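In what follows, a single structure is set out as C-alpha cells and then discussed.
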Amino acid sequence: MTDTDTSGMINEDTEDHRDLMELEETSGSSRKQKIQASKCFNCSHCGKRFDSKGHLTTHMRIHNREKSVICPRCEKCFPNKKTLAIHSKECPHTCPQCGKSFTHKGNFKAHMGIHTGERPYMCSECGKSFREKKNHKLHMRIHTGERPYTCLQCGKSFTDKGNFEVHMRIHTGERPYTCSVCGKSFREKIAHDLHMMIHTGERPHTCPQCGKSYTSKFGLTAHMVIHTGQSPYTCLQCGKSYGQKSSLDYHMRAHTGERPYRCSECGKSFMSKTSHKLHMRIHTGERPHTCPQCGKSFTYKRNFEAHMRIHSGKRPYMCSECGKSFIEKKSHKLHMRIHTGERPHTCLQCGNGFVQKQNLTKHMMIHSGERPHTCPQCGKSFIQKINLTGHMMIHSGERPHTCPQCGKSYKRKIGLTAHMVIHTGQSPYSCVQCGKSYGQKSSLDYHMRVHTGERPYTCIDCGKSFIQKCNLMSHMTIHTEKIPHACVECGKKFKSEGSLKIHMRLHLEESPDSKRAEEKH
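If you read the sequence shown in this note's numbering, its first letter stands for residue 36, the second for the next number, and so on.
Next comes the structure, spelled out in C-alpha cells:
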C-alpha cells in the first residue's frame, strides 16, 4: 500500500494521537440520518445525496474501487489494466523482506523502519519516537494543542485531516463501508475491518506472555498493562494512569467538567456517548434485552444478565466472610459493608451512618417531617412507599402471602418468613457473637445493638438515644407533652400504644361478660 492510499486506514504510529472515534455500528436502514433537501450533489450510481462536491468525490471512490483493477503489490486502484501496467513500472522500490512496492523512495525507507525497528523522529516533550516525519508532526499537535481542521457545522476541531473527514460523515450521514455478511455500515474503514473479525473470528493481536488474542492493537496494549504494570497514559493533573488513550481522554472530562453529549429531550448531559445512548432509552422506551424464558425485557444489558441468573440459579458473587452468595456484584458489595462496618452515607444532622444512599434519603425525611406517600382512603401518610402498600391492605383486606402448610396468610413476605420458623424450626438469622437465632433479619439487627452498643435513634431535644424507633417516639412525648393514646372506657391517657393495651386488660377483667365467664368456671 502506498502513502497515497491512506483513506480509511490508521497507521500504527498514529493510533496513539488520533481521536479514538467510537466504533459505532448500525444497520443501514434503521438509523440512516436524513439528508436535507438542499444537498444537491447526487451520486449517479446509488442515488446518495451530499452537501458538497468534495463529499461526493470522496464517496465516488467506493464505486470506482468496485470497478477498478488493484495492484497486487501495493493495493492501489486503477481504472484499467493499461494504467496498472504503467504503474507497475513506476514502483521501483520493493521491500526485500515482504515484497511490498513503493513509488517513492521516502515511503520505501519509512516502510523499512518497520523491519529494522528504526524510529528516527523523536518528540522533544515526551520522548516518543516515530518512523515517519509526518507522524511526528501530527504527534506534536498533542503538546501544542494545535487543531487546524474545524467543522463549520458544530465547531469541533481535529489534529489531522483524516479524523476531520470521518467526523463530517456524522453530519452527512454517509456510511461508506458496508459489511458484506450482515449489511451493517460504518463511517470508518477501521471500524468495518474490526467488525468483519466478528464474522471471521480473526484475532490477529496476540499477547506474547499469555497467548490471549485481540481484534485490535489497542485492546492488546490495554491488556499488556496486566503483565508490565505500566500504564502509559498519565493525567498531568492528578497523576492517574491508564492503559488506553481513550480512557485518559474520558478521565480528563472529570477535571474539565466537559459533558459533550446532551439529551435533546430533557437537557441532561453526559461525559460519554455510550451513557447518552443508554439514557435515551428512558425517553424512547426501548428495552432491547428480552428474556427468552419469561419474556421480561430490560433497558440495560447488565440488568438482563442479572435477571437471567434467576432462571439459571447462578449466584457468582460469594461473601468470603459468611459464604452468602449474590446474583449481582452491587448486592455483594453492599453486603460486605455488614462485615466491614462501612457506612459511607452519613446524616449531617444527627451523625447516623447508612450502608446505602437510599436509606439515608429515607432517614432525612425524619428530620424534614416529609411523608410523601399518603393513603387516599384515610389520609395517613408514610415515608416509604412499601409502608403505604402494606397499610392499604388493611382497607382491602388483602393478605397475599399464604403459608403452604397451615394456610395462614400475611400482608408481607417478612411476616410469612417469620411464621415459617414454627413449622421448620429453623431460625435462619444467627448472631455470630452469642449464637442466638432469629426468624427475621430485623430482629437480628435489633439484637446486634446489644453487642455493639449502637443506639441509632437520638432525641433532637435532649440528645438521649434509643435502640428502637418506637422507644424514641414514646420518649418524645415528654418534650411535646403530647400523650396520644387515650382509653375509650375511662379516658386515661398513655404515651405508648403498648401501655394502653396493658391498661385495657383491666377493663376487660372488670366487665360483666368476664365476671359471668369466671362464675361458670
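For glycine and all other residues, C-beta sits at the position ideal for the given N, C-alpha and C.
Remember, it's a predicted structure, so these values are computed and weren't measured experimentally.
Inset, instruction - Kindly confirm or deny that the segment 445-464 and the segment 425-434 touch, where touching means at least three C-beta pairs closer than 8 Å. - result: yes
Inset, instruction - Can you tell me which of the three DSSP states residue 335 falls into? - result: coil
Inset, instruction - Ignore the nearest five residues each way along the sequence and tell me which others in residue 520's own chain have a CB closer than 6 Å to its CB. - result: 529, 532, 535
Legend entry - Closest Cα partner of residue 205 within the set 194, 214, 220: 220
Legend entry - residue 395 to residue 404 span [Cα, whole Å]: 14 Å
Legend entry - Whole-number beta carbon distance between residue 522 and residue 539, since they are thought to touch under 8 Å: 7 Å
Inset, instruction - Identify whether residue 444 lies in helix, strand or coil by the three-state DSSP scheme. - result: strand
Inset, instruction - Kindly indicate if chain D contains any beta-carbon less than 8 Å away from that of residue 211. - result: Looking for chain D here will not work: only one protein chain is present.
Legend entry - CB-CB length for residue 455 against residue 438, believed under 8 Å: 7 Å
Legend entry - Counted within 10 angstroms of its Cβ, other Cβ atoms place residue 195 as buried (16 or more) or exposed: buried
Legend entry - Unbroken stretches of the beta strand (DSSP E), 3 residues or longer, contained in the segment 211-293: 219-221
Legend entry - Cβ separation of residue 357 and residue 367, assumed to be a contact under 8 Å, to the nearest whole Å: Contact flag wrong, Cβ pair sits at about 12 Å.
Legend entry - Reduced DSSP category for residue 506 - H, G, I as helix; E, B as strand; rest coil: helix
Legend entry - DSSP state of residue 543 mapped onto helix, strand, coil: helix
Inset, instruction - Please list, in chain order, all residues of the same chain as residue 643 whose beta carbon is under 6 Å from its beta carbon, the five residues on each side excluded. - result: Nothing can be reported for residue 643: it is not among the residues displayed for the chain, which extend from 36 to 556.
Legend entry - Run of the alpha helix (DSSP H) containing residue 371, from where it starts to where it stops: 364-375
Inset, instruction - Quick one: give me the first and last residue of the alpha helix (DSSP H) that residue 394 is part of. - result: 392-403
Legend entry - Sequence-distant residues of the same chain with beta carbon closer than 8 Å to residue 160, five excluded per side: 175, 178
Legend entry - Range of the contiguous alpha helix (DSSP H) that encloses residue 480: 476-487
Inset, instruction - Assign residue 456 to one of three DSSP states: helix, strand, or coil. - result: helix
Legend entry - Where the alpha helix (DSSP H) through residue 198 begins and ends: 196-207
Inset, instruction - Go to residue 425, then tell me how far its alpha helix (DSSP H) extends in each direction, as first and last residue. - result: 420-431
Legend entry - residue 139 - DSSP class collapsed to helix/strand/coil: coil
Inset, instruction - Going by CA-CA distance only, name the one from 418, 165, 457, 424 that's closest to residue 440. - result: 457
Inset, instruction - Determine, using beta carbons only, whether residue 283 and residue 268 come nearer to each other than 8 Å. - result: yes
Inset, instruction - Can you say whether residue 337 is buried or exposed, counting buried as having 16 or more other CB atoms within 10 angstroms of its CB? - result: exposed
Legend entry - Backbone CA spacing between residue 238 and residue 383 [nearest angstrom]: 53 Å
Inset, instruction - Can you tell me which of the three DSSP states residue 387 falls into? - result: coil
Inset, instruction - Classify residue 349 as helix, strand or coil using the three-state DSSP reduction. - result: coil
Inset, instruction - Give the DSSP-derived three-state secondary structure of residue 170 in the structure shown. - result: helix
Inset, instruction - Kindly give me the distance between the Cβ atoms of residue 475 and residue 464, rounded to whole angstroms, as I take these residues to be in contact under 8 Å. - result: 7 Å
Legend entry - Residues of its chain near residue 250, where Cβ-Cβ distance is below 6 Å and the 5 sequence neighbours each way are ignored: 229, 232, 238
Legend entry - Three-way DSSP call (helix, strand, coil) for residue 462 in this model: coil
Legend entry - Beta-carbon proximity check, residue 334 vs residue 322, cutoff 8 Å: yes
Legend entry - Where residue 616 falls, given that 16 or more other Cβ within 10 Å makes a residue buried: One cannot answer for residue 616 here, as it falls past the ends of the chain, which runs 36 to 556.
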